[in-house]
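Take a look at the structure set out below.
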Amino acid sequence: MDALRKAAGLGHRIAIHIDIKDPQSTYTTLDRIEGVLSITASTRTSFDDIDIEFVGTSKTSVERLTAAAAVSGRSEAFHQFLKLQDKSVQDLYPEDRVLKAKKTYTFPFLFVIPEQLLPKVCGHACKAPGVREAHLQLPPTMGDRECDRQDPATGRPLDDLAPDMVSTRYGVHVRIIKENEGTRETLANYGKKVRVVPIIQEQPPLPISDDDDEYRYRKEKVIRKGVLQGKAGTIVMETVQPSAVRMHACGNSSRPSTAKIMLRFDPADKHAAPPRLGNLASKLKVNTYFASTARQSYPTKRATFQDPSQGIHSEQLTLVSRKVGGPDPEDKSGKAEIWTTYESETAARRDSACSVSTFIPDASKDYKGKTFYVAQLEAPIVLPENKVFIPTFHSCLISRIYQVKFELHLQNKGVVGTIDLKLPIQVSCSGHEDWEPRQSSVVTDGRGEHELREEDFEEYFEPRTLHIPSEAFLGSSVLQRPASPTFVRNELPPSYSYYAPPIGVQTVPAY
């Protein structure tokens, strides 16, 4: 009879509604997602379980464009990295586990966004140090237009700079389960998405080698006296990685950062003056890395181009352009007031040692060992408000990395040129003002704590004589490595999966 009712479209109709208490536009670390689940069945319906879960998932797709048709197509990956279950709903089931017709049942639920994921979420091998720790941090919501912040003026969702091939979503999901001959049948399901931006602290500066093709902390450029003329000198542009731009998880505001750029001009002769400084332009490059297999190291452009299972999407935003210097009209030499003259390296090092906010760049390869000039520039890094930014993060499948480029325009007697630097810039995220107290508040009753007496402390370091026991005490003892625990795949909340769309015939496992 039930089969006939389903075939005729007259099966159980169950209405599910999720009401979140005091809903927020964005949730962050340690926030409570509390609400009530309402279930109303049109007919008398028996069930076995009601699963209320808070789930986080990531989905990626990578297009493969190769000359060989056998390996072309698209590979996709799906990763469920978070699943929290509220088991307290079982205490509120009807005694006979039957939903009466047109009667509304309510079940409260409560979830707390964790600070990090379980270690078994990142079960694949990791090559670089710190990769696994980064993969165990919660990724922010991205690629979901329904959860993006809206423009107050137009009411339209703001762009989070994520490509269509990438998405990370969170939500409260409900399933009503009926077991039938050993299989779990879903009678009804419903979900409500929420936006999550976790708290992410600023990480140590990224180590950059001199031959790095993505970033450049120092650059030298030869300045000519004029068109088809000899060298006037060499200018050096150098800086260090700026501090992170700190954004607020529950707002679109951010605390800007400032990059301090040092310039050094080594003249070719004593008559050469420093070049005239023009505009200093700053641009922000937003890189979103994604893969159809779990990555074992931090993503790079070189590895992305070599691995067909990885992809990258980049967008460039213009931040600010401002004039930083110019010649003094009263100075006939044309030297700008922004330059400071040093007669020797010794004097320069002595002055820089007295200040912790400035440094003198090392001499260029053309330095003659005499007079040189030094200038300091400050470049503010302010995120535009017409975009939605998420913090810098790395997960098993997706990464978001930011890069800032400073381009300085130079002019010397009609010869115009530019010199630029490319630096990594982090975007960190702060939560509520009471996050630190909530994080450090741990309730303990004192059990399990032992006071170490002074005589115990001395006895611990007393010298001892160790020797191998006789064979009479050894018996048939065998030392071996304990077997690794086995897990049932269905019991693991996080899991990787892969599937191949009709475009391609090749399936790519997550790990």
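Residue numbering for the sequence shown follows our numbering, beginning at 23 and increasing consecutively. Backbone N, C-alpha and C define an ideal beta-carbon position, used for all residues, glycine too.
Practice task
Return helix, strand or coil for residue 325, following the three-state DSSP convention.
Solution key: helix
Handout entry: Residue from 254, 310, 116 whose Cα sits closest to the Cα of residue 390
Key = 254
Problem - Bridge-paired residues (DSSP) for residue 279 - result: 403
Practice task
Would you identify the three-state DSSP class for residue 141, choosing helix, strand or coil?
Solution key: helix
Problem - Span of the alpha helix (DSSP H) around residue 244 - result: Here residue 244 belongs to no alpha helix (DSSP H); instead the beta strand (DSSP E) covers 240-246.
Problem - CA-to-CA distance, residue 412 to residue 169, given in whole angstroms - result: 13 Å
Practice task
Compare the beta carbon distance of residue 161 and residue 76 with 9 Å and say whether it is the shorter of the two.
Solution key: no
Problem - One or two residues paired with residue 150 in a DSSP bridge - result: Paired residues: none, contrary to the question.
Exercise for the section: Consult DSSP for residue 46 and reduce its assignment to one of helix, strand or coil. Expected result: coil
Exercise for the section: Measure from the alpha carbon of residue 260 to the alpha carbon of each residue in 51, 54, 79, 428, then state which is nearest. Expected result: 428
Handout entry: Segment limits, beta strand (DSSP E) that includes residue 252
Key = Run containing residue 252: none; DSSP gives neither H nor E here.
Exercise for the section: Could you tell me how far apart the beta carbons of residue 113 and residue 201 are, in whole angstroms, since I believe they sit closer than 8 Å? Expected result: With 8 Å as the limit, residue 113 and residue 201 do not qualify as a contact, their Cβ atoms being about 20 Å apart.
Practice task
Look at residue 313 and residue 300 and say whether their C-beta atoms are less than 9 Å apart.
Solution key: no
Exercise for the section: Using three-state DSSP, classify residue 109 as helix, strand or coil. Expected result: helix
Exercise for the section: Tell me whether residue 434 is buried or exposed, calling it buried when 16 or more other Cβ atoms sit within 10 Å of its Cβ. Expected result: buried
Exercise for the section: Taking the CB atoms as reference points, tell me whether residue 403 and residue 275 lie closer together than 9 Å. Expected result: no
Practice task
Return the first residue and the last residue of the beta strand (DSSP E) that residue 344 is part of.
Solution key: 332-345
Practice task
Keeping to the same chain, check which residues put their C-beta closer than 6 Å to that of residue 181; ignore five residues upstream and five downstream.
Solution key: 409
Practice task
Measure how close the beta-carbons of residue 36 and residue 61 come, nearest whole angstrom, since I'm counting them as under 8 Å.
Solution key: 6 Å
Handout entry: Nonlocal neighbours in the same chain, by C-beta distance under 8 Å from residue 319, ignoring five residues either side
Key = 148, 149, 150, 153, 325
Exercise for the section: Return the residue from the list 271, 309, 322 that minimises the CA-CA distance to residue 51. Expected result: 271
Practice task
Pick out whichever of 136, 158, 129, 321 has its Cα sitting closest to the Cα of residue 142.
Solution key: 158
Problem - Counted within 10 angstroms of its Cβ, other Cβ atoms place residue 41 as buried (16 or more) or exposed - result: exposed
Exercise for the section: Buried or exposed for residue 448, please, with buried defined as at least 16 other CB atoms from any protein chain shown within 10 angstroms of its CB. Expected result: buried
Practice task
With residue 309 as the anchor, note down where its beta strand (DSSP E) starts and where it stops.
Solution key: 298-313
Handout entry: Straight-line Cα distance separating residue 230 from residue 165
Key = 30 Å
Problem - Proximity to residue 99 [Cα-Cα], best of 109, 266, 82, 108 - result: 82
Handout entry: residue 360 and residue 397 closer than 9 Å at C-beta
Key = yes
Exercise for the section: Label residue 211 either buried or exposed according to how many other C-beta atoms from any shown protein chain fall within 10 Å of its C-beta, with 16 as the threshold for buried. Expected result: exposed
Exercise for the section: For residue 366, count neighbouring Cβ atoms within 10 angstroms of its own Cβ and tell me buried if that reaches 16, exposed if not. Expected result: exposed
Exercise for the section: Would you identify the three-state DSSP class for residue 209, choosing helix, strand or coil? Expected result: strand
Practice task
Keeping to the same chain, check which residues put their C-beta closer than 7 Å to that of residue 106; ignore five residues upstream and five downstream.
Solution key: 75, 76, 133
Practice task
Please name the residue in 146, 384, 65, 228 whose C-alpha comes closest to that of residue 315.
Solution key: 146
Problem - Rounded Cβ spacing between residue 124 and residue 64 (contact assumed at less than 8 Å) - result: 7 Å
Exercise for the section: Specify the secondary structure class of residue 260 as computed by DSSP and reduced to three states. Expected result: strand
Practice task
Can you tell me the Cβ-Cβ gap for residue 191 and residue 215, rounded? I've got them flagged as a contact below 8 Å.
Solution key: 6 Å
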